[in-house]
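**Student:** Numbering (my numbering), first residue to last: 1025 to 2093. Just so it is clear, CB atoms sit at the ideal spot from N, CA and C, and this is done for glycine as well. All figures in this text were calculated on a predicted structure; none of them were measured in a lab.
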Amino acid sequence: MESRKRQLQNVNSESHEPKRLKEEFKGTEHDGDSVDSFENFCPTASSPKEKISPRSRSERIQLQECDDDDSFDAPVISSKPPALPKDSGVSGFPCLFDDKNVIHLTARKGEKRDDCLDLECIDKEGTTRIVYLQDHWSEMSIEAGSTINLIGAQAWGDRDFLVNDDVGIVILNPDALVPCTAVASATFCARKTVLNDKFKFGNASNKAMLLGTIMHEIFQTAITSKKRPVMENDLMKIWNKQAPKYAEELVALSFTPSCLDAELQPYFSIICGWINKHYPLSNSFFSKREPLPSKSELLEVYDIEENIWDSKLGLKGKIDVTMRTKSRGGMESLELKTGKSSCSSEHTGQVLLYCMMQSSRYEQPIGPGNILYLKDGASHCVTPRAADLLGVLQQRNKLSVHFEDPTTSNLPDPRQDSRFCDKCDHKTMCSFYQKTEENFSKSNDKMKNFAENEMAHLEQNHIEYAANWIRWISAEWKCERERMTSQNKDLWLKSVQERVEEGTCLSDLHPVSEEMSNSQKIIISFSRKFLKSSNTPTFRPGDVCLLSNKKHIAIGFALIDEVSDDQQIVKISTDKTIKSRYEAPFHLDKYTSMSTHSTTLGNLVYLLQNDEIGKRLRNILVDLLPPIIMDATGFNLTPAIKKIIIKAKLNNEQRKAVVHALATEDFMMVEGLPGSGKTTLISVLIQCLVATNKKVLLAAFTHSAVDNILTKLTKEVAAEKILRLGSSSSIKDDIKKMTLKAKLENETSEEYYAAVRKVMKTTPIVACTCHHVPRELLFSYRHFDVVIVDEASMVLEPLLLPVLATSNKFVLVGDCKQLTPLVVSRKAKQEGAGISTMEKLQQSHPGVVVSLTSQYRMNREISVLSSKLFYENRLICGNESVSRSSLDRTGDYIVAMDDGSDHIRKALSGDIKDSCVFLDTQSTINSKMQCEDGEGGGMCNDGEAKLISELCQQFVMSGVKPHEIGVMSAYRRQVDHIRGILNSDELEVNTIDSYQGREKRVIIWSLTWTNNSTKKSELLKDERRVNVALTRARQKLVVVGCKNSAETIPVLFRFSQLIENHISIPTQL
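Have a look at this one:
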């Protein structure tokens, strides 16, 4: 590298070398009359300035060949004759559709010399390349390990490159696809753009956004219709047809469809005029098409909401209308804006990005774009110029650092003018970062004063609380990114076959049919040829995927509706039509979303805001102020409530919990030990609350917990009184009748809005997961009398914030001795991220906790294990029938094996004394029973898996139904391995964590880990996870594993000492 850099350093020396340098001064073209100037956005669009050489940045470098010497002291340009460059369409800007023009490099280190950045990189072959960045490109901040795309860079010698304002462009972190809207909005405030991506907050709708969405769809539907001329009543018909799908938003805004009609009417004449003028369909003398603002003639509307992911430019976006035009013979974009016309650099920047992406996608010169303002009908052309294009790409590069690593705490600088900040949705987090992370180092006095005022209501402990959670959630986000085996960028970094082998892609899909559904979704059915693969992809209904073909990645998003068992027939719903537009075959890739982390971070705003909700959350969760404790003994139960309690046959503890929950004014907690009837308790409590005309929100960590409660509740409460929110693919079939979609199935379009309003605003019981609350529009306008949270001990505290914000009173139900919130980051867990809200409040306010200790699941032999290990002997059998329950007392179980190995006979024994059996695999002397560490993480144990398969077969032959048997392991890899061996749809194999809150007649637990492993047994060291594993079986628990290995783990050692039935497996097996 040093020898190559020396050549640059000698460029401006006065020594008379035979190869001489020719100096040239060249100014940037600037057209002062252009109406779409991008000067405010692009620093390069300034007056012409002097170009800088790589060393001193005083001169522009060019080489002039002389024949009198062939020494190698000066820079050498490759001897190969250069190929004629393809026309980019914009003077001074490189071609975007010439793959030979693109060099992909990875940065290793950089050195700033004067105003030049010397970047040492390696290419895909491992060859070292030096990139000399001049002018505005030298101001880039590039970390070691970052990737770059060089497009149209000037070759410098045989291996190096030069980029300045006149030649080449640099795309930083091209695999991080930055949304075009984000790049454009960053012209006003880049900090807001980054915060908007990092902190997803708020589930409210607003009128302007709703109008914009509706007008876009009306325009797009009208321009693609065959009706001409388009009349205003045609647009009204389109709106009337589309109105039902906007009913939920209209209800949230207290808007009726008829009210919105008046809002839409002024736009109709402009839409009709534009379409009839520029796209009358027939091009006769009487209906000649007028040119677009770009002077082109519109030939065809090629696509609507065209989705483009461009890994060359590191951009993604949706183009409102893609038009094939005549004069240029290529594609042009039409961007629709709902407001009045303006000379907005934000709008211009967005269209410029679309122009570049269309050039890259359709292999055409960069052409103009068009903007139409629907409020006043003004439209104009955006003509790309090199300086403007460089400006938007440099802005994109700055944002790419965040989109490449959203966990970074380094935000763009705040605005210097705080005039517009008060109405900003992100003012709370912006001010928080200024104060805590930056110590106002990036803020001027005005912005500092603004931020301090925004934070004035917070005490230091409130600020520290939020700072801790931001750090912990970011650490979790980072861990997940590192652990992910597949990512969306695999679409262009890996071949289709590689993705198929990894099980994340369904390839070779051929469309069979395409039709429009009642919900205006396009339903496409595919058939798929059978392809041999070592890993058959597993796709399920409800999976979100990306639809692509060989030429275009991410044509659109798709939701899998149906898929055959052999994965050969697939039906999807999508917004994109592919008929006669895209060539088969197609492929579907599983979409990887990380939005949960940004939503979790956004939830912190609930606590930080200066309002009554924020104050109450801070008082309870940070200051730990005690609740008002009511005397439940004097609480007056109405006859209706007494009737419900008596009918439910609650025990004393359950009755006490119900009465306390009804009496509390703030909050209370129910500690429900395993099998103690938490589901029954919650069902009865909801019935009592509804009987007193209370509105109830039921939330839980998992869908299964929500649906289990509703299944029990619907035996006593009509389904009309329950609204189940969430994705239908995650909801049990018998609960789907309670979803909004099912409730509105038979409603006519005329009555649809009224029906939606009635269901959303008046249904007394609303149920969903905690994750769903911040995403649901209903919670922006509905407040509840009581919130009940099941599985509260499993919920990460920030996930509870929007749930608790919906009511002044809440009841937490759970068991802190079972699974806690899942925290992957070891440091975050050590610092306290794994402590649930319930555990924290239970320790601080034991007086508002009611414990349920009588269990109705396990027989006495199984129950005693957990009771002694974890509950100080508090867990007891609820009645004698439960205590004595065993396989051989049910009358349907007869061991089918007459003779055989002792360990099998003992494992199958139905005697209550044999209810818990430990099958010792003796892995220290039996190598077949040793575990294997997986290359990509996890572990499996083939010996245990085969033994478990035999046990399952014998249990079924003896009379246990397959669905009554549960097989579990702490390790996902072992779960998958056992599933493959069993090959049964009826017999469930799952992780211990997935069995939380559930039960089976027979449980077989594969310990999997043996001490020959190079990995630590962290999952088995967790006492709460072991507690869950020991409390799922009703009549039989079989533990399969190495006793010597297990006893190296403290909690399993104590378990091993308690159990009496240890049976060693013969080593010859």
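#1: Just to confirm my understanding: we take Ser1907, look at its own chain, exclude 5 residues before and 5 after, and list those with CB closer than 7 Å. What are they?
#2: Tell me Gln1178's beta-bridge partners as DSSP assigns them.
#3: Quick one: what's got a C-beta closer than 7 Å to Ala1681's C-beta in the same chain, skipping five residues either side?
#4: Which of helix, strand or coil does DSSP assign to Tyr1457?
#5: Counting only runs that start and end within the stretch 1949 to 1998, where is the alpha helix (DSSP H) found for 4 or more residues in a row?
#6: Entirely within the stretch 1742 to 1782 and at least 4 residues each: give me those alpha helix (DSSP H) ranges in chain order.
#7: Pick out whichever of Ser1249, Gln1633 and Asp1441 has its Cα sitting closest to the Cα of Cys1213.
#8: Kindly indicate which residue of Lys1466, Phe1464, Asn1473 and Leu1971 has the alpha-carbon position closest to the one of Asp1446.
#9: Which residue wins for smallest C-alpha separation from Phe1808, given the options Leu1734, Val1797 and Arg2078?
#10: Quick one, which of Gln1998, Thr1349, Ser1933 and Asn2035 has its alpha-carbon nearest Leu2061's?
#11: What is the DSSP secondary structure of Pro1826, counted as helix, strand or coil?
#12: In terms of residues, what are the limits of the alpha helix (DSSP H) holding Leu1705?
#13: Compute the Euclidean distance between the alpha carbons of Ile1193 and Gln1382, then round it to the nearest angstrom.
#14: Candidates Phe1292, Thr2032, Ala1267 and Ile1154: which alpha carbon is nearest Thr1280's?
#15: If you run the structure through DSSP and keep just helix, strand and coil, what is Ile2028?
#16: Could you check if Thr1716 is buried or exposed, using at least 16 other CB atoms within 10 Å of its CB as the buried criterion?
#17: Between Pro1826, Pro1822, Ser1112 and Gly1871, which has its C-alpha nearest Gly1856's C-alpha?
#18: Quick check: the Cα distance between Arg1757 and Pro1826, rounded to an integer number of angstroms?
#19: Can the beta-carbon of Ser1868 be found closer than 8 Å to that of Leu1648?
#20: Suppose you measure from the CA of Lys1745 to the CA of His1727; what does that come to, to the nearest Å?
#21: Where DSSP assigns a beta bridge to Cys2174, which residues make up the other side?
#22: Which of the three DSSP states is assigned to Glu1800 in this structure?
#23: If contacts are defined as beta-carbon pairs under 8 Å, then Tyr1615 and Leu1570 qualify, I think. What distance do you get, rounded to the angstrom?
#24: Taking DSSP as the reference, what is the three-state secondary structure of Glu1478?
#25: Where does Thr1372 fall in DSSP's three states?
#26: The alpha helix (DSSP H) with Asp1221 in it runs from where to where?
#27: Specify the secondary structure class of Ala1131 as computed by DSSP and reduced to three states.
#28: List the residues that DSSP assigns as beta-bridge partners of Trp1333.
#29: Could you work out which residue in Arg1137, Gly1236 and Ile1127 is closest to Asp1184 when comparing CA atoms only?
#30: Give a yes or no on whether the C-beta atoms belonging to Pro1430 and Asp1221 are separated by under 8 Å.
#31: Have a look at Gln1178 and Ile1328 and give me their C-alpha separation to the nearest angstrom.
#32: With which residues is Met1692 paired in a DSSP beta bridge?
#33: Would you call the stretch 2033 to 2051 and the stretch 2000 to 2007 in contact, with 3 or more CB pairs under 8 Å?
#34: Just reading off the alpha helix (DSSP H) that Ile1733 is part of, what are its end residues?
#35: Would you call the stretch 1203 to 1218 and the stretch 1368 to 1379 touching, i.e. three or more CB-CB distances under 8 Å?
#36: I need the DSSP call for Tyr1303, collapsed to helix, strand or coil.
**Tutor:** On the basis of the coordinates in this document:
#1: Closer than 7 Å at the Cβ level, and outside the excluded window around Ser1907, lie Asn1883, Arg1884 and Cys1901.
#2: Answer is Leu1186.
#3: Spatial neighbours of Ala1681 in its own chain (CB-CB distance under 7 Å, excluding positions within 5 residues in sequence) are listed in chain order as Val1694, Leu1705, Val1874 and Leu1876.
#4: Three-state DSSP puts Tyr1457 in a helix.
#5: List check, alpha helix (DSSP H) in window: 1966 to 1981.
#6: Taking 4 residues as the shortest admissible run, the stretch 1742 to 1782 contains the following complete alpha helix (DSSP H) segments, listed from N- to C-terminal end: 1764 to 1767.
#7: Taking each of Ser1249, Gln1633 and Asp1441 in turn and checking the Cα distance to Cys1213, the smallest one comes out for Asp1441.
#8: Checking every option, the nearest Cα to that of Asp1446 belongs to Asn1473.
#9: Comparing alpha carbon positions, the residue from Leu1734, Val1797 and Arg2078 closest to Phe1808 is Val1797.
#10: Ranking the options by Cα distance to Leu2061, first place goes to Ser1933.
#11: Residue state, collapsed to three classes: helix.
#12: Segment Lys1702 to Ala1715, the alpha helix (DSSP H) holding Leu1705.
#13: A direct Cα-to-Cα measurement between Ile1193 and Gln1382 gives close to 17 Å.
#14: When only C-alpha atoms are compared, the closest one is Ala1267.
#15: Ile2028 falls in the strand class under three-state DSSP.
#16: Burial call: exposed.
#17: Out of Pro1826, Pro1822, Ser1112 and Gly1871, Pro1822 has the C-alpha closest to the C-alpha of Gly1856.
#18: According to the sequence displayed, residue 1757 carries Asp and not Arg. Between Asp1757 and Pro1826, the C-alpha separation is close to 28 Å.
#19: A contact, by the Cβ cut-off of 8 Å.
#20: When rounded, the distance between both Cα atoms is 19 Å.
#21: What is shown of the chain runs 1025 to 2093, which leaves residue 2174 out entirely.
#22: Coil at Glu1800, not helix or strand.
#23: Correct: roughly 5 Å between the Cβ atoms.
#24: DSSP places Glu1478 in the helix class (H, G or I) of the three-state scheme.
#25: Secondary structure at Thr1372: helix, using DSSP grouped into helix, strand and coil.
#26: Unbroken alpha helix (DSSP H) run through Asp1221: Cys1204 to Lys1222.
#27: DSSP, reduced to helix, strand and coil, places Ala1131 within a strand of the structure shown.
#28: Beta-bridge pairing links Trp1333 to Lys1340.
#29: When only C-alpha atoms are compared, the closest one is Ile1127.
#30: Yes. Within cutoff.
#31: A direct Cα-to-Cα measurement between Gln1178 and Ile1328 gives close to 38 Å.
#32: Under DSSP, the beta-bridge partners assigned to Met1692 are Val1835.
#33: Under the 8 Å Cβ criterion, the stretch 2033 to 2051 does not count as touching the stretch 2000 to 2007, having fewer than three qualifying pairs.
#34: Taken as a continuous stretch (DSSP letters only), the alpha helix (DSSP H) holding Ile1733 covers His1727 to Leu1737.
#35: Note that the stretch 1203 to 1218 touches the stretch 1368 to 1379; at least 3 beta-carbon pairs, one per stretch, sit closer than 8 Å.
#36: The three-state secondary structure of Tyr1303, taken from DSSP, is coil.
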